[in-house]
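Engineer: The working numbering puts the first residue of the sequence shown at 37, with every later residue one more than the last.
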Amino acid sequence: MPVLFEDNNQWESWERPGRIGFAGFTLGFIVISGIGEALPTTNNSSSLSESDINVTRKHNTIEKNSLLSACLEGDLLKVYSLIERGADINTTDEDGDTSLLLSCYYGHIDIVNLLIDKGCDINKPDNNGVTPLMRACRGGHLPIIARLIGIGADINTTDEDGDTSLLLSCMNGNIDIVNLLIDKGCPIHKPNNAGMTPLMKACLYGNLPIVARLIEKGADINTTNKDGDTPLSLSCDNGYIDIVNLLIDKGCDINKPGNAGMTPLMKACDEEHLPIVAPLIERGADINTTDEDGDTPLSFSCINGNIDIVNLLIDNGCDINKPGNDGMTPLMKACRRGHLPIVARLIEIGADINTTNKDGNTPLSLSCMNGNIDIVNLLIDKGCAIHKPDNDGMTPLMKACLNKHLPIVTRLIEKGADINTSDKNGETALSLASTGGNNDIVNLLLDKVSDELKSNVDRKPQLTKGTENEDMVIEKGLDIQTQELNVAGMLQILAYLNYFKILIQTAVLILL
Numbered sequence: 037m038p039v040l041f042e043d044n045n046q047w048e049s050w051e052r053p054g055r056i057g058f059a060g061f062t063l064g065f066i067v068i069s070g071i072g073e074a075l076p077t078t079n080n081s082s083s084l085s086e087s088d089i090n091v092t093r094k095h096n097t098i099e100k101n102s103l104l105s106a107c108l109e110g111d112l113l114k115v116y117s118l119i120e121r122g123a124d125i126n127t128t129d130e131d132g133d134t135s136l137l138l139s140c141y142y143g144h145i146d147i148v149n150l151l152i153d154k155g156c157d158i159n160k161p162d163n164n165g166v167t168p169l170m171r172a173c174r175g176g177h178l179p180i181i182a183r184l185i186g187i188g189a190d191i192n193t194t195d196e197d198g199d200t201s202l203l204l205s206c207m208n209g210n211i212d213i214v215n216l217l218i219d220k221g222c223p224i225h226k227p228n229n230a231g232m233t234p235l236m237k238a239c240l241y242g243n244l245p246i247v248a249r250l251i252e253k254g255a256d257i258n259t260t261n262k263d264g265d266t267p268l269s270l271s272c273d274n275g276y277i278d279i280v281n282l283l284i285d286k287g288c289d290i291n292k293p294g295n296a297g298m299t300p301l302m303k304a305c306d307e308e309h310l311p312i313v314a315p316l317i318e319r320g321a322d323i324n325t326t327d328e329d330g331d332t333p334l335s336f337s338c339i340n341g342n343i344d345i346v347n348l349l350i351d352n353g354c355d356i357n358k359p360g361n362d363g364m365t366p367l368m369k370a371c372r373r374g375h376l377p378i379v380a381r382l383i384e385i386g387a388d389i390n391t392t393n394k395d396g397n398t399p400l401s402l403s404c405m406n407g408n409i410d411i412v413n414l415l416i417d418k419g420c421a422i423h424k425p426d427n428d429g430m431t432p433l434m435k436a437c438l439n440k441h442l443p444i445v446t447r448l449i450e451k452g453a454d455i456n457t458s459d460k461n462g463e464t465a466l467s468l469a470s471t472g473g474n475n476d477i478v479n480l481l482l483d484k485v486s487d488e489l490k491s492n493v494d495r496k497p498q499l500t501k502g503t504e505n506e507d508m509v510i511e512k513g514l515d516i517q518t519q520e521l522n523v524a525g526m527l528q529i530l531a532y533l534n535y536f537k538i539l540i541q542t543a544v545l546i547l548l
């Protein structure tokens, strides 16, 4: 029976499809929600008005979107109805997704079977080169994978990243899918564009059963990706001890470095995986090897602060004074990061406390920058040089002043640190403290200067005051028991602070 639809005051007829048999029971045709227009009955496109063409285009768009939406949602009845009405089963959206691609990813096996039975393209990829089989592998849907392979889906094709169906399955972790793909003859050594093989992907994601299966089938355990990583280094980096043990038992190269020179042991130390560090050392990993920056496994552990790994490396005889390319020793790295237990342990076994890096920094100067008073006290108690400047002439005291670490400044002054020395730029501890804006440190230093420079002068000129620290300097210059101006002290303090404007004003007043 024809159904009439109105369009621009013209009535067109559209024949309702007859009743259809489906899934063992009879269904009446259901008009899909959202389709409010009907196709004109005429077959002569040249006779269509512009309005008719727009209606047709709108119908096709809605029909296409409805099919893709129905596949995504798993609405089998809706998919069947749309296909019966002539929906294009191979149409794509803006991402290149087809009805089959969406159904495979979300695991709708009944819709997949329907689309296949209706003749869809089983190898049609999306815009990124991902095929329906790859989508099913990524989603871990074994029944769909088996069906696709059974009707000839390409198991060796790659997407734009070079990933194969097997490689994606190794990421997903479904051993049954991996076994099926291997049994069907997919290549187990084929790398993607980054050089990652299926074995490396399985190691990266910690899928032990898949790793074991791939090794059993002959996968190369020493292959490298474009970064020089091996299956072992990837496993060490991510802390998969069972995979590490398996790879070692199978004879992998435990010292093979990546492109940056990092060995599997360094990776494990860097990520603080103690259970992996131990077996690597037991099996002969080189504990003194260096990466491209000259860092050792101990260096990485001192940076990260893992005392247990540090102790393990020390107990196995690592070089505790070996510097990196920048001259930084393990002790210096621990001082810079503020790891007191490691600093104490290294000093206990003889680490050099006065060594310098390429910038001339010592463990003490690095600790003064960092602000760890406990490490500073330990180094001082162990007899480190408290006056030793860096290449720019900055002493530990200057670094503590610049970084506003009052407890350290106090401790250094108590131990006799020279407050009058200047660096290559003429800066003193006082000028650096003033620049940093720490009034407590400025006060402490001014008190020390005043104690050293007290002498009386009769005149008490009025001085123009400026910033808060300038006020403080002027007050300290006048702060003698008799409240008379200490000219020598005043001039020297101002010189320390580089307050040339006030220095000139003071000199002028003195000459008046």
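Every residue, glycine too, gets a C-beta built ideally from N, C-alpha and C.
Pull up the CB-CB distance for G176 and N215, whole angstroms please, since I reckon it's below 8 angstroms.
Structural biologist: The pair is not a contact, with the Cβ atoms about 13 angstroms apart (cut-off 8 angstroms).
Engineer: Alpha carbon to alpha carbon, what distance is there between T233 and N261?
Structural biologist: Approximately 8 angstroms, taken between the alpha carbons.
Engineer: Under the three-state reduction of DSSP, which class applies to N101: helix, strand or coil?
Structural biologist: Correct three-state label for N101: helix.
Engineer: Apart from the five residues on each side of it in sequence, which residues of its chain come closer than 7 angstroms, Cβ to Cβ, to N79?
Structural biologist: Only weak support is given to the placement of N79: the predicted model assigns it a pLDDT of 44, under 50, and the question is left unresolved by the model.
Engineer: Rank T325, G360, I449 and L414 by C-alpha distance to the C-alpha of T431 and give the top, closest one.
Structural biologist: Measuring from the Cα of T431, the nearest candidate turns out to be I449.
Engineer: Could you pull out every residue in the same chain whose Cβ sits closer than 7 angstroms to the Cβ of N126, ignoring the five residues on either side in sequence?
Structural biologist: Excluding sequence neighbours, N126 sits near T134, C156, D157 and K160.
Engineer: When you compare only the Cα positions, how much space is there between M434 and D306?
Structural biologist: So the alpha carbons of these two residues sit roughly 32 angstroms apart.
Engineer: Given that a residue counts as buried once 16 or more other Cβ atoms are within 10 Å of its Cβ, and exposed if not, what is G463?
Structural biologist: At residue 463 the sequence reads Glu, which differs from the Gly that was named. Per the 10 Å Cβ criterion, buried.
Engineer: What does DSSP give as the partner residue(s) for S271 in the beta ladder?
Structural biologist: Answer is none; S271 lacks a bridge partner.
Engineer: Would you please state the rounded distance, in angstroms, between the beta carbons of P399 and C420? I believe it to be under 8 angstroms.
Structural biologist: About 7 angstroms; that satisfies the 8 angstroms criterion.
Engineer: Report buried or exposed for N295, applying the criterion of at least 16 other Cβ atoms within 10 angstroms of its Cβ.
Structural biologist: Exposed: under 16 other Cβ atoms inside 10 Å.
Engineer: Looking only at its own chain, which residues have a Cβ that is under 6 angstroms from the Cβ of G396, when we skip the five neighbours before and after it?
Structural biologist: Result list for G396: D426 and N427, in chain order.
Engineer: Within the same chain, show all residues whose beta-carbon is closer than 6 angstroms to that of G165, passing over the 5 residues directly before and after it, in chain order.
Structural biologist: Closer than 6 angstroms at Cβ, skipping near neighbours: D195 and E196.
Engineer: For N163, which residues in the same chain have their Cβ closer than 7 angstroms to its Cβ, ignoring the five residues on either side in sequence?
Structural biologist: The answer, listed in chain order, is D131 and G132.
Engineer: May I have the straight-line CA-CA distance separating N357 from M368, to the nearest angstrom?
Structural biologist: The alpha-carbon atoms of N357 and M368 are separated by roughly 10 angstroms.
Engineer: Excluding five sequence neighbours on each side, which residues of the same chain lie with their C-beta closer than 6 angstroms to the C-beta of Q498?
Structural biologist: The pLDDT assigned to Q498 is 35, lower than 50, so where the model puts this residue is not dependable; a value taken from the coordinates is nonetheless given after this. Answer for Q498: no residue qualifies.
Engineer: How is T446 classed by DSSP in three states: helix, strand or coil?
Structural biologist: Helix.
Engineer: Quick test of your reading: L21 and A380, contact by CB under 8 angstroms. State the CB separation rounded to the nearest angstrom.
Structural biologist: No answer is possible for residue 21: the residues shown for the chain start at 37 and end at 548.
Engineer: Using a Cβ-Cβ cut-off of 8 angstroms (strictly less than) and excluding sequence neighbours within five positions of T392, which residues of its own chain qualify?
Structural biologist: Once the five neighbours on either side are set aside, the close Cβ partners of T392 are G363, T398, K424 and D426.
Engineer: Would you please state the rounded distance, in angstroms, between the beta carbons of P366 and L402? I believe it to be under 8 angstroms.
Structural biologist: No, P366 and L402 are not in contact; Cβ-Cβ is about 12 angstroms, not under 8 angstroms.
Engineer: Once DSSP output is grouped into helix, strand and coil, what is the label at T471?
Structural biologist: T471 falls in the helix class under three-state DSSP.
Engineer: Do P293 and L316 have their C-beta atoms closer together than 8 angstroms?
Structural biologist: Going by C-beta atoms, P293 is not nearer than 8 angstroms to L316.
Engineer: Using C-beta distances below 6 angstroms, list every residue in its chain close to P227, excluding the 5 sequence neighbours before and after it, in chain order.
Structural biologist: These residues qualify, in order along the chain: T233.
Engineer: Counting only runs that start and end within the region 346-379, where is the beta strand (DSSP E) found for 3 or more residues in a row?
Structural biologist: The qualifying runs do not exist here; there are none.
Engineer: Where does the unbroken alpha helix (DSSP H) through R183 begin, and where does it stop?
Structural biologist: Counting along the chain, the alpha helix (DSSP H) containing R183 begins and ends at L178 to G186.
Engineer: Around the C-beta of I152, are 16 or more other C-beta atoms found within 10 angstroms, so that it is buried, or is it exposed?
Structural biologist: Buried.
Engineer: Using the Cβ count rule (16 or more neighbours within 10 Å means buried), how would you classify D327?
Structural biologist: By the neighbour-count rule (16 or more Cβ atoms within 10 Å), D327 is buried.
Engineer: Given this structure, state the Cα-to-Cα distance separating D106 from Y141, to the nearest angstrom.
Structural biologist: With the sequence shown as reference, residue 106 is identified as Ala, and Asp is not the correct amino acid for it. The straight-line gap from Cα to Cα measures roughly 14 angstroms.
Engineer: Rounded to whole angstroms, what is the Cα-Cα separation between P267 and L103?
Structural biologist: Between P267 and L103, the C-alpha separation is close to 43 angstroms.
Engineer: Would you mind reading off the limits of the alpha helix (DSSP H) that contains K237?
Structural biologist: Counting along the chain, the alpha helix (DSSP H) containing K237 begins and ends at P234 to L240.
Engineer: Taking the continuous alpha helix (DSSP H) assigned at M430, which residues delimit it?
Structural biologist: No alpha helix (DSSP H) contains M430, which DSSP labels as neither H nor E.
Engineer: Please return the same chain residues whose Cβ sits closer than 8 angstroms to the Cβ of R447, not counting the five positions on each side in sequence.
Structural biologist: Correct list, in chain order: I409, V412, N413 and I416.
Engineer: Rounded to whole angstroms, what's the CA-CA distance from M302 to I378? Just pull it up for me.
Structural biologist: Each residue's alpha carbon lies about 18 angstroms from the other.
Engineer: Please classify A59 as buried or exposed, where buried requires at least 16 other C-beta atoms within 10 Å of its C-beta.
Structural biologist: With a pLDDT of only 37 at A59, under 50, the local geometry of the prediction cannot be trusted, and no value is derived from it.
Engineer: Would you mind giving the Cβ-Cβ distance between S201 and C173, rounded to the nearest angstrom? I have them listed as a contact below 8 angstroms.
Structural biologist: Correct: roughly 5 angstroms between the Cβ atoms.
Engineer: Grab me the residues of I191's own chain with a C-beta within less than 8 angstroms of its C-beta, minus the 5 sequence neighbours each way, in chain order.
Structural biologist: Excluding sequence neighbours, I191 sits near L169, I185, T200, S201, L202, L217, K220, G221 and C222.
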